Amino acid sequence: MEEVALIRIVAVKFLQAVPVILIISILAFLLLSLLPGDPALIIAGEQASPAAVEQVRRQLGLDRSFLEQLGIWLFNLAQGNFGSSLVLNQSVLSAVAERLPVTLSLAALSISFTIPVGVLLGSVAAYFRRTWIDSAVMTVALLGVSIPAFWIAILGVILFSVQLGWVPSSGFTPISQGVGPWFASLALPALILSLFQIGFLARMTRSAMLDVLGQDYIRTARAKGLSEWRTVGKHALRNALILIITATGILLSAAIGGSVIIEQVFALPGIGRMVVQAILARDYPLVQGTMLILGFTFVMINLIVDILYTLADPRVRHD
Amino acid sequence: MTDTGLGSLTTVHAIAAPRGYGAWRRLLRHRSFVIGSSIILLLTLAAVLAPLISPVDPSAMRVRFRFRPPSQAFWFGTDMFGRDVFTRVLYGARVSLFVGFAVCVVSGLCSAILGVIAAQFRRLDGAIMRLMDALMSFPAILLALGIAAALGPRVSSVIIALTVAYIPAGVRIVRAAALTVREMDFVQAAQVSGASSLRIVLRHILPNCLSPLLVHLTFIFAYAMLAEAALSFLGVGIQPPIASWGNIIAEGRDYATEAWWVMLFPGIAISLAALSLNLLGDALGDMLDPRLKGGE
Amino acid sequence: MSWNVARRGIAVALALGLAVSLGPVGSARAQTPKKGGTLVYASVSGPGTLDPYMASSAVELEVINNIFEGLVTLDNANATRPMLATKATASTDFKTYSFELRKGVKFHNGQEMTSADVKASFERYKRISPNAKNLDAVDRFETPDPYSFVIVLKEPNVVLLDVIKSPIYPLMILPASQKDKPARDIEVIGTGPFKLGEWVKDSHLTITRFDDYTADTSVPGRDGYGGRKTVYLDGVRYRFMPEATTRIAALQNGEAQMISSVPSELAARVTSRKDLAIREVFPTLGSYVIVNSQKGLTANVLIRQAIAAAINVDDIIEGAGGINKRNPWMSFPGTPYFLGDTAPTPWYDIKSPARAKELLKQAGYKGEKIVIETNSNYQWMRSTMLIVAEQLKEAGMTVDVQVTDWTTNASHMQQGTGDWNLSTTAFGPDHILGPQQWRPVLYTFPHIVGNEILDKAYAEFFAAPTLEARRASWLTIQKEVLGGGYLVKIADTGRLTGYAKKLQGQNDYAGILQLWDLWLD
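Quick note, the sequences are listed as chains A, X and Y, same order.
Per our numbering, residue 273 is the first one in the first sequence, and the count goes up by one each step.
Per our numbering, residue 3 is the first one in the second sequence, and the count goes up by one each step.
Per our numbering, residue 107 is the first one in the third sequence, and the count goes up by one each step.
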């Protein structure tokens, strides 16, 4: 009985995702067809003759009507064809796949910094609520979400790389060349990326914990004379698991969004940097295709989070 | 631009007012609220009074005075063109606060309208919310980057780009609040007594969605300022000679070791402004959300 | 935006000027070269393509130049010298050019280069290169035997070899198998001293020594882009670092032994270290304010002259950064067409807001808006235009600075589209080859239409039998272009590269990056 309900919930979530994916596809097309600058001109080169530009335009199908172009775009997508980059001379899918390890490494490392620190800070603040410890911890968390990442990143490079020489100044070392160099190349960017997330998670944890600490079963547990640690630790933290599931989805989005800027500062060859370069170089198809892949990824992340959430929280299931 | 700080104060008042004088006094006793709003007020005043505080033209170049460190004559030093960084930070406050405020107002209005429509007209709900889901699937900064690049590097395009990026979250908040309010007795009563749905929306639903929206918008103000800086850093934001905190940092980043003052001060200014807005948002959330006090 | 510097540029291309190097290069010669080691070179960004026929930007040519070779190339004095050919001869009527090819030259895939490969390469170039119009007059290519190649023209062309040796869109020889490959889609196989290793877009690129490289033994050492090339390094790793600060940090902490584009303000970070040094490459380009002579206010010669009069070159040189030296002429000092000490225009760097105001008054200027367009990709261009904007304001002009992206900016300048009065760019290296290369640029960028003096001067130039007569025409041309305020010369510019002193064997030639003859001590 319960399994059937679960399958139904999952099925409904999947069905809801379908129109979202369709809308994402159309939005990605619309957004970039508004970009100024002529992609044909970019391919043909600034010195090309008008006739050559015209020829490229025909090759790209840019001379067709707006609706025709949209139709072709959707038709190609349906076949798993996300288009090809104008500048990289590579399909969008392979370009993204090539850069995925960098962005994923960065996101994973930053989240692995974030979760213990963020949960710890948030729990400490909640436990010592309305004391100076709470204020101090929450101010630190607030600083995390208030300081511009690129600014602190540049200061970080000057301090840790130029002055102290602890980490390389930029660039990425694949994990295949050793875990040590890989970690060194990502430590500073991941740390800076996690500042915002830690601030965010600490705040989220604190308010969730306050919620839980105020609830009846904790009071009961306390009244039963269970030790403070067991009370807080067992009951509260189990509930925190649900929080972490929800938070991880959001953190993953934040990490990928934040990596756009961090990859730029540290010259990490990831997806974020590629999209920024593509936007600046007016490489329409690459921007469109990558945005779309990212959009799909987020829909999937949300879907998985929703399902895990349903599994972890009995209340949701019985609703 | 005069409205930036005053605007947020008067709206606070409007929210606090129905709860009576006591709520307002409680706010004034709230430490985060006092600190946050004082700093924001101060920054706003500095931005508004910029020409009085520093009579120098923010874009005036005196190449002979380039890269002077902070001193009596140049409080925050000078940049690569010999422009006075203090003056540029002051004028940058105008742009940065204006962008933050404008994004707040426009995205607030759009969120309120779309959120209430979604809650009130159930047939549109699905369509609106799926569109919001779709918009939310793109990382906000990338969405803003794409739109800002499409519209060209201008103040207005940055505002539009960030507004679009931040609308979905606002719509969700308003919709959730509106759905709760709809079910409440007094709204049901008004419906039974034959009040028009426009009247119900305007008199009952909308006012009751405002406090969560207001708290949310305070954070959006901070995010928008930070995002503007990031866009300027990436080259699609507001371009010099107009000074914004973001582009002063961007211009100074190559000389960060030799002329640290060029990028240090605007960075502190943004962090301070964002921090105080976040404090303000927390304080408002604290005061307006009874659940958190229940945790005491 | 500094990471895009030198990414794409036609007008902003590379340089092969005269070498006036200040680096402590000579002292290195005394030591014996050492074989082995990998050089890490940090440049601003990665190449978009390694198809030589499509490549015009520095970051692309810096790789291509080490992998591929052409029939002829430039020597130390920028004159033509053979590379893959042993001899290039023109018929007396300049309608037939014959090349004898070097024997035993191997491609990276092991095959020997023959005239079939050369013919296929020329045909592909003619088909796809943006520069192909320079081969329009070709009637046919002939390959009488595997080591002979002949170009037959429909009409005489005295400068054909200049086209073939041009380092922009270089006519490198590829294997015949690449003949039908579309633009940007070749297998990277050349005859050069290095072959392509690994290329991860946006991250790094490696090239390795080509052990079967057949050196040109006709001369004892390197000569311009040609001559005898010896490779000591095992390989070179190009790393792409958009931020100047991180490039310098990479040099400082030993991650890189050579870095490109060091902003002059930051040079001290390098020179303050005993084991690091800066090499100045100068002159590479000439920088100009471009005045759109077909647009609104700036169609008026008096307004254009007022702009020229208001500009303070010294302030731009100091404020925009980089290596800039004053020079009122359009040719570099020391080249055949450099015409001496007195300026060809009364306006060069007179920094006179008063004179500008006078001219504005004569023109009946009433505070109408002058639109300055620049881009966010090239920092020096934006800096220059911001400074110019302030200088014009001081002379009483109303200015509006519009910042766009380089592609749009460049196409506006070349096509005359868009709504702008002033912009800026730098020209090179073609103009050092002579005023004939200047002609399309002059007519295109400021959009000079119907200027009879200029038209006549150019007609005389092409008919002139002697250098003296051509120099006289060139003077008239510069007087008209600079005096009429179509272009406002700013300065001759160079660039700085940073390197670790253990990297030895660099030479004084101010060309595109050459990685042969270098070794790590």
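Note that beta-carbon positions come from the ideal geometry of N, C-alpha and C, so glycine has one too.
Please read all numbers here as calculations on a predicted model, not as lab measurements.
Please decide whether Y/GLN612 counts as near chain A, where near means a Cβ-Cβ distance under 8 Å. Closer than 8 Å to the CB of Y/GLN612 there is not a single CB belonging to chain A.
Nearest-angstrom Cα separation, counted from A/LEU485 out to X/VAL36: So the two alpha carbons sit approximately 28 Å from each other.
I need the straight-line Cα distance from Y/LYS380 to Y/TYR605, nearest angstrom please. So the alpha carbons of these two residues sit roughly 11 Å apart.
Option nearest Y/PRO281 by Cα separation, candidates Y/ASP318, Y/TYR231 and Y/ALA226: When each option's Cα is compared against that of Y/PRO281, the closest is Y/ALA226.
Y/TRP625 to Y/GLY556, Cα distance in whole Å? Going by the C-alpha atoms only, they are around 55 Å apart.
Cβ separation of X/VAL217 and X/LEU145, assumed to be a contact under 8 Å, to the nearest whole Å: With a beta-carbon spacing of about 23 Å, X/VAL217 and X/LEU145 fall beyond the 8 Å limit used to define contacts.
Restricting to Cα atoms, I'd like to know which of Y/ALA460, Y/PRO459, Y/SER437 and Y/PRO442 is closest to Y/ALA449. Of Y/ALA460, Y/PRO459, Y/SER437 and Y/PRO442, the smallest CA-CA separation from Y/ALA449 is found for Y/SER437.
Looking at C-beta atoms only, is the number of pairs between the region 169-176 of chain X and the region 113-130 of chain X that lie closer than 8 Å three or more? Counting Cβ pairs under 8 Å, three or more are found: they touch.
Through-space distance from A/LEU278 to A/GLN288, alpha-carbon basis: Separation of A/GLN288 and A/LEU278 (C-alpha to C-alpha, rounded to the nearest whole angstrom) is 15 Å.
Would you give the residue range spanned by the beta strand (DSSP E) that Y/SER204 belongs to? Here the beta strand (DSSP E) through Y/SER204 covers 202-207.
Can you give the Cα-Cα distance for Y/VAL131 and Y/LYS431, rounded to whole angstroms? Only weak support exists for where Y/VAL131 lies, its pLDDT of 42 falling under 50; the value from the coordinates is given anyway. Between the alpha carbons of Y/VAL131 and Y/LYS431 lies a gap of roughly 22 Å.
If you run the structure through DSSP and keep just helix, strand and coil, what is Y/HIS518? In the structure shown, Y/HIS518 falls within a helical segment according to DSSP collapsed to helix, strand and coil.
Taking only beta carbons into account, state which residues of the region 222-253 of chain X come closer than 7 Å to chain Y, listed in chain order. The region 222-253 of chain X vs chain Y, Cβ under 7 Å: GLY237, GLN241, PRO242 and PRO243.
Answer yes or no: does any C-beta atom of chain Y fall closer than 8 Å to that of X/ALA163? Contact of X/ALA163 with chain Y is not assigned, every C-beta pair being separated by 8 Å or more.
Kindly provide the ranges of any beta strand (DSSP E) runs that are 3 or more residues long and lie completely inside the region 522-592 of chain Y, ordered along the chain. If you keep only unbroken beta strand (DSSP E) runs of at least 3 residues inside the region 522-592 of chain Y, you get 528-533.
A/GLN469 by DSSP, collapsed to three states: which one? Looking at A/GLN469 - three-state DSSP - the assignment turns out to be helix.
Answer yes if the region 234-251 of chain X comes into contact with the region 37-46 of chain X, meaning at least three C-beta pairs across the two stretches below 8 Å, and no otherwise. Segments in contact, no.
Straight-line Cα distance separating X/VAL118 from A/ALA300: About 27 Å.
Can you list, in chain order, the residues of its chain with a C-beta nearer than 7 Å to that of A/PHE385? Leave out the 5 residues immediately preceding and following it. Here the set comprises ALA462, LEU463 and SER466.
Between the beta-carbon of A/LEU415 and the beta-carbon of X/LEU277, is there less than 8 Å? Cβ atoms of A/LEU415 and X/LEU277: closer than 8 Å.
Can you tell me whether Y/GLN508 is helix, strand or coil according to DSSP? Strand, per DSSP.
With C-beta atoms as the reference, is Y/GLY330 less than 8 Å away from Y/ASN184? Judged by beta-carbon spacing, Y/ASN184 lies within the 8 Å limit of Y/GLY330, meaning their Cβ atoms are closer than that value.
In terms of residue numbering, what span does the alpha helix (DSSP H) encompassing A/THR386 cover? Where A/THR386 is concerned, the enclosing alpha helix (DSSP H) stretches over 364-399.
Helix or strand or just coil, what does DSSP make of Y/PHE255? For Y/PHE255, the secondary structure class from DSSP, reduced to helix, strand or coil, is strand.
Three-state secondary structure assigned by DSSP to Y/TRP622: In this structure, Y/TRP622 counts as coil in the three-state DSSP scheme.
Measure from the C-beta of A/GLY529 to each C-beta in chain X and report whether the shortest distance is under 8 Å. Taking 8 Å as the threshold, the shortest C-beta distance from A/GLY529 to chain X falls below it.
Tell me, please, whether the CB atom of X/GLY255 is closer than 8 Å to any CB atom in chain A? As written in the sequence, residue 255 of chain X is Arg, which differs from the Gly given in the question. Judged by the 8 Å Cβ criterion, X/ARG255 is in contact with chain A.
When we look at the beta-carbon of A/ASN238 and count the other beta-carbons within 10 Å, is it buried (16 or more) or exposed? Residue coverage of chain A in this structure runs from 273 to 591, which leaves residue 238 of chain A outside it and unanswerable.
Counting only Cβ pairs nearer than 8 Å, list the residues of chain X close to Y/THR510. Going along chain X in sequence order, the residues near Y/THR510 (Cβ under 8 Å) are GLY154 and PRO155.
Between Y/PRO552, Y/THR530, Y/HIS518 and Y/ALA570, which lies nearest to Y/LEU391 when the distance is taken from Cα to Cα? Considering only alpha carbons, the answer is Y/THR530.
Should the region 354-367 of chain Y be called in touch with the region 332-341 of chain Y, which here means at least 3 C-beta pairs below 8 Å? Proximity of the region 354-367 of chain Y to the region 332-341 of chain Y falls short of the contact definition, fewer than three beta-carbon pairs being nearer than 8 Å.
Reduced DSSP secondary structure (H/G/I, E/B, other) of X/THR220: Residue state, collapsed to three classes: helix.
Residue-chain proximity (X/PHE140, chain Y), Cβ-Cβ < 8 Å: Look at X/PHE140: its C-beta is not under 8 Å from any C-beta on chain Y.
Can you give me the Cβ contacts of Y/THR186 inside the same chain, cut-off strictly under 6 Å, excluding the 5 residues immediately before and after it? Cβ neighbours of Y/THR186 beyond the five flanking positions: VAL178, LEU267 and LYS271.
Please state the DSSP three-state secondary structure of A/ASP406. If DSSP states are grouped into helix, strand and coil, A/ASP406 belongs with the helices.
Is there at least one Cβ from chain X nearer than 8 Å to Y/LEU492's Cβ? So yes, Y/LEU492 belongs to the interface.
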